[in-house]
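Okay, structure first, notes after.
Number of protein chains: 4
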Amino acid sequence: MKALTYAGPEHIEYSTVDDPTPTATDGAVVKVELCAICGSDLHIYHGHGFTPDTGYTIGHESIGEVVELGSDVNRFHVGDRVLIPGSVGCSTCASCRRGQVLRCENQKMGCYGLGYALQGSQAQAVAVPAADTCLHLIPDGVSDEQALLLTDILPTGWYGARRAGVQPGDTVAIVGLGPVGLCAVMSAVAMGAARVYAIDRIEERRQRAEELGAIALRHEDPVEELMGVTRGRGVDASIEAVGADATITLALKLAAFGGRVSVIGVSQNMEFKFPMTLVQLKALEFHIGLTAVQAELPALIPLVQSGRLHPEKVISHRVGLSEGPDAYRQFADRKDGALKMVLDPAR
Amino acid sequence: MKALTYAGPEHIEYSTVDDPTPTATDGAVVKVELCAICGSDLHIYHGHGFTPDTGYTIGHESIGEVVELGSDVNRFHVGDRVLIPGSVGCSTCASCRRGQVLRCENQKMGCYGLGYALQGSQAQAVAVPAADTCLHLIPDGVSDEQALLLTDILPTGWYGARRAGVQPGDTVAIVGLGPVGLCAVMSAVAMGAARVYAIDRIEERRQRAEELGAIALRHEDPVEELMGVTRGRGVDASIEAVGADATITLALKLAAFGGRVSVIGVSQNMEFKFPMTLVQLKALEFHIGLTAVQAELPALIPLVQSGRLHPEKVISHRVGLSEGPDAYRQFADRKDGALKMVLDPAR
Amino acid sequence: MKALTYAGPEHIEYSTVDDPTPTATDGAVVKVELCAICGSDLHIYHGHGFTPDTGYTIGHESIGEVVELGSDVNRFHVGDRVLIPGSVGCSTCASCRRGQVLRCENQKMGCYGLGYALQGSQAQAVAVPAADTCLHLIPDGVSDEQALLLTDILPTGWYGARRAGVQPGDTVAIVGLGPVGLCAVMSAVAMGAARVYAIDRIEERRQRAEELGAIALRHEDPVEELMGVTRGRGVDASIEAVGADATITLALKLAAFGGRVSVIGVSQNMEFKFPMTLVQLKALEFHIGLTAVQAELPALIPLVQSGRLHPEKVISHRVGLSEGPDAYRQFADRKDGALKMVLDPAR
Amino acid sequence: MKALTYAGPEHIEYSTVDDPTPTATDGAVVKVELCAICGSDLHIYHGHGFTPDTGYTIGHESIGEVVELGSDVNRFHVGDRVLIPGSVGCSTCASCRRGQVLRCENQKMGCYGLGYALQGSQAQAVAVPAADTCLHLIPDGVSDEQALLLTDILPTGWYGARRAGVQPGDTVAIVGLGPVGLCAVMSAVAMGAARVYAIDRIEERRQRAEELGAIALRHEDPVEELMGVTRGRGVDASIEAVGADATITLALKLAAFGGRVSVIGVSQNMEFKFPMTLVQLKALEFHIGLTAVQAELPALIPLVQSGRLHPEKVISHRVGLSEGPDAYRQFADRKDGALKMVLDPAR
């Protein structure tokens, strides 16, 4: 079959690879109908992946049809149309059964497309482990593109807002308006934030945020501008969606006394200089963590079904899987308004 | 000064009464600029008030200007423009200081306009007890009419939704679409409910609810219709805004297993036949209680300021205080689209 | 095999019945090692069960060893020693997978021993449906008797306290000190209640409650006595563990303004006279519902393992299954200090 | 009057200073009956205070009798016996009125004894600002020594456990067993933790922790030991009560996936090397902040009154104020089992 594979820094290849087979009796194979490139795939693209290996298939956002099932799978049938959450667990432990796959008691937590252990889903088919936990039926009233965005970035933006404790009436700041940051904007709005301030250097992204209900900050010094509009108070909840030291520090500075700061950008710095005195004087709550997609779906699905969340609005490009290598370059360079890049494995 | 007084069942008078004076050193007098008729005033109108006395001034929703202050008031000045929450407490106890006036440790909780103890505010001026707790500055960016609706019905609708535990993604039902029910609709929407089903016999009120984001149920049997649209599940949260036995029973029937039911209509039946077996099998949470307006304002004010809540949309009529007696009749008869009736004491 | 069967009002028989077989491919058979009589079994004993049928096996509290498993069971093996939660669900739906069996999306919720649909476990063996959800391994450090009490009454008492929202520092009242009420006492103490007031007519039960950390009320009028010791305030949380109208009304009266009332006694009155005005003036939160045992175990097991909860202290008698008919009579008559009656199927 | 003043690094003097006077019309003067040395006073003692000034009175934990009151104070009378929370706010803003003094909207938050701005209370008398917010009556059933510990360290330990989200059934670690760490131990126990693991290098402090219900870790490598006893899982909640980089890092390492880490030790490092990748993979919640004592008292007072919390158990020495300079040295050197040092201003 065809797949996008990692061939070295700044080098993604449209390759022919082996067809997948179920990894175990609780696994499945899904024929991929749509997949997408995630901001965190760019870490791999730039050569900062978890392994120096090359040749493995990347990607962890996809939907499709179940074509093969292991004998221990109880909840799905061949032919089911499913979304494949980017986070992976086991079939049996109590944590995974309630969707908290990152707390898997059997230590089976993981993600597709980070190396050979679990091949990625930017491909014509993908092997899914522990299908009872790792698949979810595409619900009625959810379009394929919406289902695709439910596999990772909408749950991640939502989880960021949820861990930032966004309450009705709150003032919120979102730092970074890529696809995940925009999902955090729409999540904070849906949770009843009174005001959502949006920060990004790219004008077009700020406009997208405003279309989703945010107030864009345009000043060179966002701390000064935000303190101006909040009368020196800062925000109740601050959500960082980049993962860089400067933006995390910014998110901490924007928070009001007693505020909550949630980082959903992927940070790779083991020595981030955390401003303890500042945070202690402000008595902040600080969250950083990956998302157990499965645990966020129950609240998100009805909001998408009823039209209160439109994650498909972050899609900027739809191309064939064969154009994937170009799509990676374009997304990495933020060219031509590149936001969410959706790929069709059939072309 | 002029005031509306209770003169007996179905009989409100536009009368001349004594000017108010501060009741104690912690009290104030406010010149009323706008006041409104509340659904709960109709209990008095129909002769079901707390006292058989006549001649007292009624009403508990008003805004105006502070014209007199007792020597122990620390938080307000003469000339301040204020909204007067309908709920009353003391100046000093810990509960009242945090806005929980109904838990006043000095047992000073109360309401205006229920008898001679605390004269009402459908008048040209009103005496306010414990001003430090019982007044609130009209915030910037909140119109006078919005401030008026922040004195009682928006906080009551909000509190109903809050106690019903409305969470983002929830399915909600609102039973009764008078002014308070409509405030509950907009509150549930602002809290992130995925779907808000609205129930009332009056077509025009259902239309208002739909304009606020609800889905009106039009079937003769709302339980059947709701179970149809929720696949037999029922709603996560059910809010009753009438106070009658039949509508409370309906709210209980609409709730899903594990659901929450909140009654904000004023019930006067000490022997309501509570369907214990039904509620136990469904493991419901049931709430009924008056609203401590002061405690709800911190979340509501920013939502009104930012335009996410528009309580003024429930206003149907604006008339002079002198036309108050007619306005009562019209509201009681639900004539001419009567919803919220706002009165101007200057005419 | 031998079992206790319902033979008519006040008539339990020690009978020979058919050996159980798995009900479906997701089911199991467990050889029972210990079982117990529950207060709610007395409803059946007195002829107020869900069916007029006779001859079925009763009981829903038991532990034992897995002796047979259906082919779709993934989480258990023959030979596993298990506790059998009294509440039942399905193997596959999202609610059951997270332990919320009473919200089973496939409507498979139920209980053992209420009729022929699901035979009881006061027997030498029992058929268990949906074993992946309906069994739980007996954890290390939990004795057999403790495991037995984890199948129903400790989770029920705990759930009652949890739904009553017991917070550290709270004042709590427990109405009814049978085995479940005593479990509520120990739960409220473990949750950090500052004071737990315990109410029952039987002196010996009050003494048991005091040994568990409660303060027994001994006055004829518990409302008067409680208001005396709380300075007229009442309790933050009130838990009813009887199910009778008078005791539920008492629990409502004991609650402070803004308090929470939780009923865990099984009520069978569809027309309970609910004092709406009282509850509305006090703005109470009212809960009544059966317990999804599976959902309560994660918090309870470590508390039992570490010795902070000793549910076995409510056991009053240990007899052979063959003495079951007498044990029922004794428990129904509250004779000889009868509290929890444990039965051994081997004798 | 007599007072302890800061005279330079490692140099506290027993001095004669001016009698205090109320700072404003909302202030008070309290004759001090007992005061205590706090671990955070040692920062000043070692020359790391907020000011290079010398000669100011230090200390922020004290109780006594109101001897003078400003005209705007409404809640207290001369002669009242009061505890003086270490945290300070204003009389009027909404945050301070509900006890959240650190969020004072008038920016009046502060602490006694950090310089000349607000003189300390290790003295025979102290001036209190905004008395309505900054004083609290000593409740019935609370001893003077217990009241003294309610002014800072018990609320701080409690707040640390509360922000670490300690839930009934949790496994908890406390890093650092000085007076505040021991208060965190007793708080976590009272909140229903199943197991509280206690870590400190000093054997005597570990013994104190065990007397309060903890399990002391004695191994050289506490991470290894803790992972052993928790089967590699780590703790649900980890509380750091030292403020040093190494102990904060240790607290992060002890936490389980999805765990909460709360720092109540005072950290003075603006460049703490925060292990982002570790924390992100574990999806931790991280809290650090000073304590608004006023906000914690409502839960703590009933727990002290009912004997569920015994903060006085952390007191190791009781001496005259005149012996204060020696007491500082002894506490700084952790000599003779020095834990909480209580000072009597009368001698």
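Chains as they are written, first to last, in the working numbering: chain U, 1 to 347; chain R, 1001 to 1347; chain W, 2001 to 2347; chain A, 3001 to 3347. Where is the CB? At the ideal position from N, CA and C, for every residue including glycine.
Which residue spans inside the segment 3116-3194 of chain A form an unbroken alpha helix (DSSP H) run of at least 4? 3131-3134, 3144-3149, 3153-3163, 3179-3190
Candidates A:D3053, A:A3125, A:R3233: closest to K3002 (chain A) by CA position: A:A3125
Determine the direct distance from the alpha carbon of N269 (chain U) to that of E10 (chain U), and round the result to whole angstroms. 21 angstroms
Unbroken beta strand (DSSP E) run spanning A1003 (chain R), endpoints: 1002-1006
DSSP on Y1056 (chain R), reduced to helix/strand/coil? coil
Measure from the alpha carbon of Y1159 (chain R) to the alpha carbon of each residue in R:M1109, R:V1261, R:L1135, then state which is nearest. R:V1261
For the beta strand (DSSP E) containing F2257 (chain W), list its first residue and its last residue. 2255-2263
Integer Cβ distance of Q1107 (chain R) from G1113 (chain R), believed to fall under 8 angstroms: Actually they are not in contact, since the Cβ atoms of Q1107 (chain R) and G1113 (chain R) sit about 19 angstroms apart, beyond 8 angstroms.
Quick one: grab the DSSP three-state call for I3202 (chain A). coil
Just confirm the distance between the C-beta atoms of V1223 (chain R) and V1196 (chain R), as a whole number of angstroms; I'd bet it's less than 8 angstroms. No, V1223 (chain R) and V1196 (chain R) are not in contact; Cβ-Cβ is about 17 angstroms, not under 8 angstroms.
Determine the chain U residues that contact G1192 (chain R) at a beta-carbon separation under 8 angstroms, and present them in chain order. P168, A190, M191, G192, L303, R308
With DSSP collapsed to three states, give me the class of T3016 (chain A). strand
Please work out which residues of its chain come closer than 7 angstroms, Cβ to Cβ, to D3336 (chain A), disregarding the five sequence neighbours upstream and downstream, and give them in chain order. Q3330
Which parts of the segment 2044-2099 of chain W are runs of the beta strand (DSSP E), unbroken and 3 residues or longer, counting only runs that do not cross its ends? 2061-2069, 2081-2084
Restricting to Cα atoms, I'd like to know which of R:V1073, R:R1208, R:D1072 is closest to H1310 (chain R). R:R1208
Neighbour list for R195 (chain U) in chain B, Cβ cutoff strictly below 8 angstroms: Any reference to chain B falls outside this structure, whose protein chains are U, R, W and A.
What are the residues in the segment 2270-2302 of chain W lying within 9 angstroms of chain R by C-beta distance? M2270, E2271, F2272, K2273, F2274, P2275, M2276, T2277, L2278, V2279, Q2280, L2281, K2282, A2283, L2284, E2285, F2286, H2287, I2288, G2289, L2290, T2291, A2292
Starting from E1225 (chain R), trace the alpha helix (DSSP H) both ways and give me its first and last residue. 1222-1229
Got a sec, what are the start and stop residues for the beta strand (DSSP E) M2341 (chain W) sits in? 2340-2344
What does R3075 (chain A) reach in chain R if we use C-beta pairs closer than 8 angstroms? T1092
Please tell me whether T230 (chain U) has its Cβ less than 8 angstroms away from any Cβ of chain R. no
Between which two residues does the beta strand (DSSP E) harbouring L1303 (chain R) extend? Looking at the DSSP string, L1303 (chain R) is not in any beta strand (DSSP E); the run it does join, the alpha helix (DSSP H), is 1293-1305.
Going straight from the alpha carbon of A161 (chain U) to that of D41 (chain U), what length do you get? 22 angstroms
Can you name the start and end residues of the alpha helix (DSSP H) that V1279 (chain R) belongs to? 1276-1282
Could you please tell me which residues of the segment 3238-3261 of chain A, in chain order, have their CB closer than 7 angstroms to any CB of chain U? F3257, G3258
Can you find a C-beta in chain R that's less than 8 angstroms from the C-beta of L2102 (chain W)? yes
Which term fits S1071 (chain R), buried or exposed, when burial requires 16 or more other beta carbons within 10 angstroms of its beta carbon? exposed
Is there a Cβ from chain A that is less than 8 angstroms from the Cβ of Q268 (chain U)? yes
Identity of the residues DSSP links to E1285 (chain R) by a beta bridge: R:R1260, W:H2287
Taking DSSP's pairing of strands, which residues face Y3197 (chain A) in a bridge? A:A3173, A:I3215
Of all the CB atoms in chain A, is at least one closer than 8 angstroms to the CB of R1350 (chain R)? Any question about residue 1350 (chain R) goes unanswered here, given that chain R covers just 1001 to 1347.
Could you have a look at G3324 (chain A) and say whether DSSP puts it in helix, strand or coil? helix
Starting from T2171 (chain W), find everything on chain A with Cβ-Cβ shorter than 8 angstroms and list it in chain order. P3302
In whole angstroms, what separates the C-alpha of S2306 (chain W) from that of A3194 (chain A)? 6 angstroms
Counting only C-beta atoms, is R3163 (chain A) closer than 8 angstroms to chain R at any point? no
Top-ranked residue by Cα proximity to I3239 (chain A), from A:F3286, A:R3201, A:G3258: A:F3286
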